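Worksheet: the structure to be examined is printed underneath.
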Amino acid sequence: MRKSFTIAAIFTLLIAAAWFLSDSLYFSPYDAQKFGISFTQLSGVLAIALMAFSTLLAVRPIWMENWFMGLDKMYRLHKWMAIVAMVIGVAHWLTAQSPNGHRGPPGAAAADTAAATLQSLLRSLEGPAREVAQPALWILLALVAIALIKKIPYHIFALTHRLVPLVFLVLVFHSVVWMRSSYWAQPIGILMAPIYVIGTVAALIALFRLIGAGRKVEGTVTSKRHFADVRTLLVEMDMDKAWKGHKPGQFVFVRGRRMWGAHPFTIASAWTGKSQRISFIVKELGDATKDLASRLPIGAKLIVEGPYGRFNFDDNKSRQIWISGGIGITPFVARMEQLIEKPEGRPIDLFHSNPIQATDAHDLLRRDTKRSGVNLHLMITPVHGRLTGEKIRKEVPDWKSASFWFCGPSRFAAVLKLDLMRHGLKSQDFHHELFEMR
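In the numbering used here, the protein residues as written are 353 to 790.
Laid out in structure tokens, this is it:
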């Protein structure tokens with residue numbers, strides 16, 4: 353995540369730097385009204401720029417995955433950029449409401465005829481742009497709150513979140529109209545113009561539900577197996593020939609008639625090219641996937657979008673240590689299937705932590721680890737206690753020569769990573785799948 357936030361920080365500083373190069377406030381003696389107006393302008397462009405970046409990340413541009421090391425990191429950044437944008441947006445609104453926050457009378461008219469015409473048009477729209485901004489901001493705050501409060505049912509989140517790009521477009525309209533006309537020929541205007549365009553295009557893609565349009569393939573459910581004790585469902589599908597394959601550790605978004613919206617599922621099978629079969633494991637959680645075992649019939653048609661992700665097991669370490677919690681076992685199942693077909697040779701230890709003993713599921717896991725040559729450490733919490741860094745170091749004395757690949761609860765990952773780093777693990781050797789899209 354450090355790389356993601358570094359990119360976000362550079363982007364934010366670039367916007368701020370462009371504004372400072374365009375505004376003469378710091379050359380003038382302090383004046384409350386001039387300061388208020390300038391802060392309103394700065395907070396406004398920062399808020400809308402961060403919203404635009406967040407909107408771009410939301411449409412899943414595959415070419416950006418290499419920048420952020422996977423779509424999971426992009427979605428985490430999408431969430432935090434939206435939160436920061438909202439905080440700055442509220443500060444912008446508060447300043448604009450104060451007597452010193454108003455922009456004041458318009459400046460001199462532009463000399464160029466075309467520029468003067470555009471300036472006149474923007475001034476004529478200032479009233480409507482100001483009127484729609486406040487309700488749009490409050491609606492956006494409510495939508496962001498719904499997205500962050502996980503106790504709110506998924507289907508409500510899915511339905512309300514479709515309004516976000518529309519509200520964003522309203523705020524773009526407000527920002528374009530109310531940005532100082534003198535800025536457009538300055539660094540901040542030159543920088544913001546493409547940001548407005550990119551953010552608008554991304555919002556339209558989301559609004560018209562065109563996200564991942566070129567990466568969607570239809571598949572047919574051919575089999576399913578329900579593990580009632582751990583409330584999971586193993587689904588196998590035959591994909592259309594348009595499916596070009598995937599790597600172990602990647603995930604897809606699946607959409608169907610009996611499912612709310614597009615849900616992310618890690619693929620639980622390796623791709624050999626010998627058939628069009630893929631499988632994924634569904635954890636029955638919340639209103640979206642609850643009772644899916646009974647609601648998803650054999651022969652059902654599903655739309656699969658992807659694959660996405662960079663949790664690909666690629667490194668130059670002499671051994672690997674895999675750690676999974678509950679449903680986090682999925683990417684490792686796919687990787688073991690690949691190792692059965694193409695053995696790699698280096699030692700691999702899999703620590704799987706689960707709160708209950710799941711006879712059928714764990715029998716399958718033992719079978720897969722034995723066939724793939726992976727050394728299994730099955731940790732049933734009531735029996736063996738919680739998995740800790742100390743237990744891993746005891747079981748694998750040569751742990752410092754390994755890379756760690758983790759898929760499970762985020763808090764579990766944070767505690768484990770911190771403990772291992774305190775004992776000498778390098779941060780870049782701990783790979784964590786941030787499988788939280790909300």
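Ideal Cβ placement from N, Cα and C applies to all residues, glycine included.
All values reported here derive from a predicted model rather than from experimental measurement.
Under 8 Å between C-beta atoms of residue i and residue j
| i | j | result |
| --- | --- | --- |
| H783 | F756 | yes |
| V587 | K576 | yes |
| W530 | L489 | no |
| T407 | A545 | no |
| G597 | G422 | no |
| F560 | M403 | no |
| S395 | I440 | yes |
| G725 | K752 | no |
| I732 | N706 | yes |
| S621 | A686 | yes |
| I547 | R412 | no |
| L786 | R354 | no |
| L654 | R607 | yes |
| N727 | I700 | yes |
| P539 | A370 | yes |
| P659 | I708 | no |
| D750 | R671 | yes |
| I633 | T584 | yes |
| A614 | E657 | yes |
| A680 | G760 | The sequence given here places Gly at residue 680; Ala does not occur at that position. Contact: yes. |
| F603 | I675 | no |
| A481 | H526 | yes |
| V496 | M433 | no |
| L523 | A485 | yes |
Buried versus exposed call for residue i [16 or more other C-beta atoms within 10 Å across all chains shown]
| i | result |
| --- | --- |
| H714 | buried |
| D720 | buried |
| E328 | Residue 328 is absent from the model: the chain starts at 353 and stops at 790. |
| Q471 | buried |
| A460 | Residue confidence is low: A460 scores 46 on pLDDT, short of 50, so the model does not pin down where it sits. No coordinate-derived value is stated. |
| I501 | exposed |
| I650 | exposed |
| L739 | buried |
| Q780 | exposed |
| S627 | exposed |
| W419 | exposed |
| V549 | exposed |
| V735 | exposed |
| P683 | buried |
| A401 | buried |
| D643 | exposed |
| R718 | exposed |
| E689 | buried |
| S476 | exposed |
| R774 | exposed |
| R698 | exposed |
| G601 | buried |
| S361 | It is Ala, not Ser, that sits at residue 361 in the sequence shown. When all chains shown are included, A361 counts as exposed. |
| G807 | Here the chain has residues from 353 to 790 only, and residue 807 is not among them. |
Coarse secondary structure for residue i, derived from DSSP in three states
| i | result |
| --- | --- |
| E785 | coil |
| K386 | helix |
| H430 | helix |
| M589 | strand |
| S705 | strand |
| G456 | Because G456 sits at a pLDDT of 47, beneath the cut-off of 50, its placement in the model cannot be relied upon, and the following sentence gives the value as read from the coordinates. Coil at G456, not helix or strand. |
| I504 | coil |
| P699 | coil |
| P321 | Lying outside 353 to 790, the shown extent of the chain, residue 321 is not represented and no answer is given. |
| K425 | helix |
| K635 | strand |
| H444 | helix |
| A622 | coil |
| K355 | helix |
| A463 | Unreliable placement is indicated for A463, whose pLDDT of 48 sits below 50; the coordinate value is still reported in the next sentence. If DSSP states are grouped into helix, strand and coil, A463 belongs with coil. |
| V411 | coil |
| R609 | coil |
| R514 | coil |
| H714 | helix |
Per DSSP, cross-strand counterpart(s) of residue i
| i | result |
| --- | --- |
| G571 | M591 and L654 |
| K576 | V587 |
| V604 | F617 |
| R629 | D590 |
Neighbour flag for residue i against chain B, beta carbons, 8 Å
| i | result |
| --- | --- |
| S646 | Going by chain labels, chain B is absent from the structure shown, which holds only one protein chain. |
heavy atom of the ligand MN below 7 Å from residue i C-beta
| i | result |
| --- | --- |
| V442 | The ligand MN is absent from the structure shown, which contains no ligands of any kind. |
*What runs of the beta strand (DSSP E), each 3 residues or longer, lie entirely inside the segment 649-687?*
653-660 and 671-677
_Complete beta strand (DSSP E) runs within the segment 723-759 (minimum length 3 residues, chain order)_ = 727-732 and 754-759
*Could you tell me which uninterrupted alpha helix (DSSP H) segments, each at least 4 residues in length, are contained entirely in the segment 520-563, listed from first to last along the chain?*
539-559
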